[in-house]
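Chains as they are written, first to last, in this note's numbering: chain D, 1 to 440; chain U, 1 to 476.
Structure, as structure tokens:
Shown next as structure tokens:
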């Protein structure tokens, strides 16, 4: 794939006319998807695709586009020339863009991570026999993901990575569920079987009769998987500098009214884990770590070069949408072994579901509890709970009601596949809350 | 490309082979505060090669469109199907892919290329100027999205379906801010005005008039009272009913969810297979149809991606659940009557059960009669927040704009209107249903579901609806 990208890049860049600036981006994947229901194959297939993105700038005007690539150089070069021609026709008709960013980065990087993955045809036989009689539903995704970036100033980046993930739910006959994700780059059959067996053991806890709890405010522990769902909300009307400036951010109160969250809450964009590439669509390389909320105080935001130009601030080379690519929350001091005792009596939430801002500006989030969620009394799990809706503000549950943060960080891989297989992961601990509002 | 010729040349051992070529050009233009933010076009094309071997379907989606590429994809798909057939959830026959021959072209008056990029940009710039009705409007956005799609499906059992679409979505929004209060108003919810139509949607006089109204209402909300809290009557405008139908009816009736396919992602359903023909889903006023032929509605088509011919069907009749949202695979697996809704988001995904046009049929009440019948309640319009549980039971939705209803009259404007309820009791509380004069058509490009994930377009139409005794509340 890199050879194809390089060839097209070299040819197209050489054909640019005077005054034209061009950025090219490459994204592709060769993936296997095996969809499982009741520990059987529901759907199985491979997807082999690649796209080439264009960012053409001429005389202060800008237009962008993308095309599918076939993998054949001659065919793809024809398509690329056709797209460049279309963009040239369009760009002169557009109004000037005062905030456009010239693709000036001359930085280069290269990374390819080769893994050890099962062959696509072997996957059903590798995964399914170990499931036995358990009711397991989920998705296996594996293969190589490619990302590339190049520009007419000579910048060039290439990133390719093999990976696999089995994201699954185990379900009891009474419809209680446990969620888990087994992910990595080197397939280890024994490790997989041990991981799955551990999940099955956890499922046994769910066989207790469920407890229905009433709406109200409860002492609550949210495990790392649930916290990662909350943190992902900061990519939507959260840490974007443009969103704050344009009054579309839950963090506007922190910026404009100097409101703080708990001093136990620290949150950053941190690429040190290496899951996601540091270069953005413009080929700009972000710092390895950008502190966003430090001990409850808003100390930074994600700032694209476009936003920086518009508002006269310094870019930290965020993506154009200023969403998080490597979210990480700092650990605290609560030991895993002390969680239940510290919770005392309240609810233990392993996972959350379908979060949305119920009042973005007010920082209020609603969503559901899901999977292994329990009622705890005097530090002991008593029963799984029936799923409840929550509706509470970050300024409350990450503010004065944040009682403790666990000392252990968990890696929560992003298994999303809407725009191709995601590469990122959210690294975070669990949180103990003095109060959390369950509403329905 | 000649799909027939390529299909006839494929040399693999399979009980069935299908090729689905999709080419889609998505244009998107966004202007913020009079300045261009995005002028982009995404052009995607590829072929989904699908085979049936030993009762197991397998696929290979490839962007390599030559004969050799598709032959290689078919060979890989056959190997996958063969390997997976030892572990099949269900052993299918060729009847899961009925023979289909036909075509469809979406209706439009003005072609996509009738507006030049410069003309459309100019209109969006004017729109943002109109949205800024006062200095309290701090951010204005105007966006236009056009999608041109060609789909051609051929199969070894004789299917040959050509479908072409031109789809247009638009949205205009204003954010107003003053005295620590921020409020946003859009044109009926983000991209809710999504249609199978042409560039006639961008009639300048209409667009600018709508923008003035949107800007004015954003400013009006700054000084509005908070929505009251309490249990009271609720009238929902069609642009909020779109979301209500989608989340608390559509997803719950997808047969693949009921069969458990989505339990690891989108979720299950409170509806069970044994509920069809028995469950009183809502009040007798409730009639839900799957209707693929509503003029200009966003998800109209003639055939689904499994080759099933699309027909209008009642899913809920007089409040009784009678039919599910399931294509041929789900119908075969469940034994439940379904509809032609086995759809894929593009060439790189396998079809699954999706909503298409899912509508609430109109009733007999006028808007005045409905408002006049309410002693105390809230009228809400334009969705801004949505969340529902994995069984499609406990939902909480928020709207942009509300009006108090007091003693049969619309009175004060209220901000941050929200409501929460449980699907079945909520629909059973449907007390009055607006007539055809109140019936409006909407759609969204952004319905997410499936593993691997898929975003697909859906359409929803509804009259004005009155629900009694709903839990209503305001903002933070």
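Where a beta carbon is used, it is the ideal one built from N, C-alpha and C, also for glycine.
Note that the structure is predicted; figures quoted are calculated from it, not measured.
If you check the beta carbons only, do residue i and residue j fall under 8 Å apart?
i, j, result
"residue 65(D)", "residue 96(D)", "no"
"residue 240(U)", "residue 383(U)", "yes"
"residue 124(D)", "residue 83(U)", "yes"
"residue 269(D)", "residue 324(D)", "yes"
"residue 288(D)", "residue 305(D)", "no"
"residue 220(D)", "residue 436(D)", "yes"
"residue 222(D)", "residue 261(D)", "no"
"residue 327(U)", "residue 334(U)", "no"
"residue 383(D)", "residue 209(D)", "yes"
"residue 24(D)", "residue 16(D)", "no"
"residue 393(D)", "residue 364(D)", "yes"
"residue 231(D)", "residue 329(D)", "yes"
"residue 379(U)", "residue 402(U)", "yes"
"residue 407(D)", "residue 312(D)", "no"
"residue 322(D)", "residue 340(D)", "no"
"residue 309(U)", "residue 289(U)", "no"
"residue 114(U)", "residue 232(U)", "no"
"residue 447(D)", "residue 193(D)", "Residue numbering for chain D in the displayed model covers 1 to 440; residue 447(D) lies beyond these limits and cannot be assessed."
List the residues of chain U that residue i touches, going by C-beta distances under 8 Å, in chain order.
i, result
"residue 69(D)", "63"
"residue 37(D)", "89, 259, 260, 261, 263"
"residue 124(D)", "83, 84, 86, 87"
"residue 332(D)", "Neighbours of residue 332(D) on chain U: none; closest Cβ ~26 Å, over 8 Å."
"residue 439(D)", "396, 420"
How would you list, in chain order, the residues of chain D whose beta-carbon sits under 8 Å from the beta-carbon of residue i?
i, result
"residue 390(U)", "353, 354, 368, 370, 387"
"residue 139(U)", "246, 247, 248"
"residue 56(U)", "41, 44"
"residue 348(U)", "47, 49"
"residue 59(U)", "43, 44, 45, 46"
My output table needs one value for residue i: the three-state DSSP class, helix, strand or coil.
i, result
"residue 382(U)", "strand"
"residue 12(U)", "coil"
"residue 384(D)", "strand"
"residue 54(U)", "coil"
"residue 271(U)", "coil"
"residue 428(U)", "helix"
"residue 167(D)", "strand"
"residue 436(U)", "helix"
"residue 36(U)", "strand"
"residue 447(U)", "strand"
Starting from the beta carbon of residue i, find every residue of chain U whose beta carbon is closer than 9 Å, and list them in chain order.
i, result
"residue 169(D)", "263, 264, 265"
"residue 121(D)", "76, 79, 80, 82, 83, 84"
Under 7 Å from any heavy atom of the ligand ZN, does the C-beta of residue i make it?
i, result
"residue 408(D)", "Absence of the ligand ZN from the depicted structure is noted, as is the absence of any ligand whatsoever, leaving it without description."
Can you list the residues of chain D that residue i reaches, using a CB-CB cut of under 9 Å?
i, result
"residue 427(U)", "Residues of chain D passing the Cβ test: none, with the nearest at roughly 16 Å."
"residue 228(U)", "In chain order: nothing, as chain D lies at least about 16 Å away."
"residue 475(U)", "358, 359, 361, 362, 364"
"residue 125(U)", "95"
Would you say residue i lies against chain A (beta-carbon separation less than 8 Å)?
i, result
"residue 400(U)", "The structure shown has no chain A; the protein chains it does contain are D and U."
Closer than 7 Å by beta-carbon distance: list the chain U residues that pair up with residue i, in chain order.
i, result
"residue 40(D)", "87, 88, 89"
"residue 404(D)", "Neighbours of residue 404(D) on chain U: none; closest Cβ ~25 Å, over 7 Å."
"residue 357(D)", "385"
Just to check my reading of the structure: residue i and residue j have Cβ atoms closer than 8 Å, yes? What is that Cβ distance to the nearest angstrom?
i, j, result
"residue 299(U)", "residue 458(U)", "5 Å"
"residue 26(D)", "residue 5(D)", "5 Å"
"residue 115(D)", "residue 185(D)", "4 Å"
"residue 470(U)", "residue 234(U)", "4 Å"
"residue 248(U)", "residue 388(U)", "7 Å"
"residue 110(D)", "residue 158(D)", "5 Å"
"residue 429(D)", "residue 224(D)", "6 Å"
Just to make sure I have the definition right: I need the residues of chain D whose C-beta is within less than 7 Å of the C-beta of residue i. Which are they?
i, result
"residue 177(U)", "247"
What residues in the region 362-375 of chain U have a beta carbon less than 8 Å from any beta carbon of chain D?
-> Those residues of the region 362-375 of chain U that come within reach of chain D (Cβ to Cβ, closer than 8 Å) do not exist; the list is empty.
Interface positions of the region 440-472 of chain U facing chain D (Cβ-Cβ less than 9 Å), listed along the chain | 448, 450, 451, 452, 453, 454, 455, 471
Below 7 Å between beta carbons is the criterion; list the residues of the region 41-53 of chain U that meet it against any residue of chain D, in chain order.
-> 41, 42, 43, 44, 45, 46
Between the region 224-235 of chain D and chain U, which residues of the former have a C-beta closer than 8 Å to a C-beta of the latter?
-> none
Note down, in chain order, all residues in the region 60-85 of chain D with a beta-carbon under 9 Å from any beta-carbon belonging to chain U.
-> Those would be 61, 62, 63, 64, 65, 66, 67, 68, 69, 70, 71, 72, 75, 79, 83, in chain order.
Interfacial residues, the region 129-141 of chain D to chain U, with Cβ spacing under 7 Å = Identification of residues in the region 129-141 of chain D having a C-beta nearer than 7 Å to some C-beta of chain U yields 137, 138, 139, 141, given in sequence order.
Given a limit of 8 Å on CB to CB distance, which residues of the region 406-417 of chain D reach chain U?
-> For the region 406-417 of chain D, residues whose beta-carbon sits nearer than 8 Å to a beta-carbon of chain U comprise 416, 417.
Quick one, which residues of the region 101-120 of chain U are near chain D if we go by CB-CB under 8 Å, in chain order?
-> Taking 8 Å as the Cβ-Cβ cut-off against chain D, the residues of the region 101-120 of chain U that qualify are 116, 117, 118.
Using Cβ-Cβ distances below 7 Å, what residues of the region 179-211 of chain U are close to chain D?
-> Of all residues in the region 179-211 of chain U, only 182 come within less than 7 Å of chain D when Cβ atoms are compared, listed by chain position.
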